[in-house]
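Here is the structure we will look at.
Residue numbers (the working numbering): 37 to 116.
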């Protein structure tokens, strides 16, 4: 399917964009793909490869567990 190709390409692009740096306060800021929670068709418009359609920034402490963060912000994504 064409959608799977786009979805896989978007995931690869997100992984390639992961990085970390120190902010002005000397804190480590980390950009990381943790999980893909939603994927759906928007409309018939043409989108260029690499166009960001949606993302969310979550402020978390280094010791916060990824599963705990997802459960807190996206409880509907937890598989029971």
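Note that the Cβ used here is the ideal one computed from N, Cα and C, for glycine as well.
Backbone secondary structure at residue 112 - three-state DSSP: Here residue 112 refers to the residue found at position 76 of the chain shown. Residue 112 falls in the helix class under three-state DSSP.
Straight-line gap, residue 55 to residue 67 (C-alpha atoms, nearest Å): The sequence position of residue 55 within the chain shown is 19, counting from 1. The sequence position of residue 67 within the chain shown is 31, counting from 1. Cα to Cα, the separation comes out at about 5 Å.
Using DSSP with H/G/I as helix, E/B as strand and the rest coil, what is residue 72? Along the chain shown, one-based indexing puts residue 72 at 36. In the structure shown, residue 72 sits in coil (DSSP, three-state: anything other than H, G, I, E or B).
What is the residue span of the beta strand (DSSP E) that residue 64 lies within? Mapped onto the chain shown, residue 64 falls at position 28. It spans 64-67 - the beta strand (DSSP E) in which residue 64 sits, taken as one unbroken run.
Short Cβ contact (7 Å threshold) for residue 106 with residue 96: Numbered from 1 along the chain shown, position 70 holds the residue referred to as residue 106. Numbered from 1 along the chain shown, position 60 holds the residue referred to as residue 96. For residue 106 and residue 96, no; Cβs fall outside 7 Å.
Would residue 110 pass as a contact of residue 69 if the rule is Cβ separation under 7 Å? As a working note, residue 110 is residue 74 in the chain shown. As a working note, residue 69 is residue 33 in the chain shown. No, the Cβ-Cβ distance between residue 110 and residue 69 is not below 7 Å.
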